[in-house]
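Counting from 167, one number per residue, gives the positions in the sequence shown under the numbering used here.
Each residue gets a CB set at the ideal place from its N, CA and C atoms; glycine is no exception.
So the structure is just underneath, and the comments pick up after that.
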Amino acid sequence: MIVLNLCCEREHLFEGWFASAEAFESQRAQGLVSCPVCASLAITRRPTAPYVISGASAADRPAASVPSGAGGAATPDPDALAVAMSVLRRMGRASEDVGERFAEEARRIHYGESESRNIRGKASGDDVESLLDEGILVLPLPQDEGDLH
Ligand SMILES: [Zn+2]
167 MIVLNLCCER
177 EHLFEGWFAS
187 AEAFESQRAQ
197 GLVSCPVCAS
207 LAITRRPTAP
217 YVISGASAAD
227 RPAASVPSGA
237 GGAATPDPDA
247 LAVAMSVLRR
257 MGRASEDVGE
267 RFAEEARRIH
277 YGESESRNIR
287 GKASGDDVES
297 LLDEGILVLP
307 LPQDEGDLH
């Protein structure tokens with residue numbers, strides 16, 4: 167017997183016990199595998215979790231087939247956040263520093279009066295707000311330690 171992590175089209179996660187992966191595929195093809203929560207037949211296999219949640223008695227207990235609720239998917243992934251931050255930092259370095267003229271320059275670019283490019287600089291909260299009101303995308307850039315003076 168093997169245990170497969172399964173997921174329906176509505177992201178309900180559950181486990182299924184099958185004689186083999188082939189047995190799962192054939193049962194799914196015949197519509198015999200359904201979600202215990204919503205009875206959906208659109209079931210996909212999830213890769214087996216690459217980590218084990220360690221706990222005193224976790225290893226002794228068989229894993230319960232509890233479908234994770236909608237909240238499970240919303241947990242921010244710290245790795246994904248770190249990647250997003252480093253991309254933002256890189257974008258920041260590739261941009262032209264226009265300092266105090268940031269709001270003015272952002273408008274010029276937006277309205278086609280200035281060459282289109284990425285810029286960074288200083289902007290007050292009011293500046294940022296009015297730029298956003300005008301439909302100009304402004305991102306607060308995380309500061310590197312080295313950028314702080
Ligand atoms: Zn479901």
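Does DSSP classify residue i as helix, strand or coil?
| i | result |
| --- | --- |
| V264 | strand |
| E295 | helix |
| R212 | strand |
| R286 | strand |
| L198 | coil |
| L247 | helix |
Nearer than 6 angstroms: is that true of the beta carbon of residue i relative to any heavy atom of ligand 1?
| i | result |
| --- | --- |
| C173 | no |
| V203 | yes |
| S206 | yes |
| R194 | no |
| H276 | no |
| R176 | yes |
Measure the C-alpha to C-alpha separation of residue i and residue j and round it to an integer number of angstroms.
| i | j | result |
| --- | --- | --- |
| A236 | L303 | Low confidence applies here, because A236 scores a pLDDT of 45, under 50, leaving its location unreliable; read the following figure in that light. One C-alpha to the other measures close to 31 angstroms. |
| G197 | G182 | 14 angstroms |
| I168 | A195 | 18 angstroms |
| E266 | D293 | 11 angstroms |
Would you decide whether residue i is buried or exposed? Buried here means 16 or more other CB atoms lie within 10 Å of its CB.
| i | result |
| --- | --- |
| A229 | In this prediction, A229 scores a pLDDT of 49, lower than 50, which makes its location untrustworthy; the coordinate-derived value is nonetheless stated afterwards. The residue is exposed, with fewer than 16 neighbouring Cβ atoms inside 10 Å. |
| C174 | buried |
| R256 | exposed |
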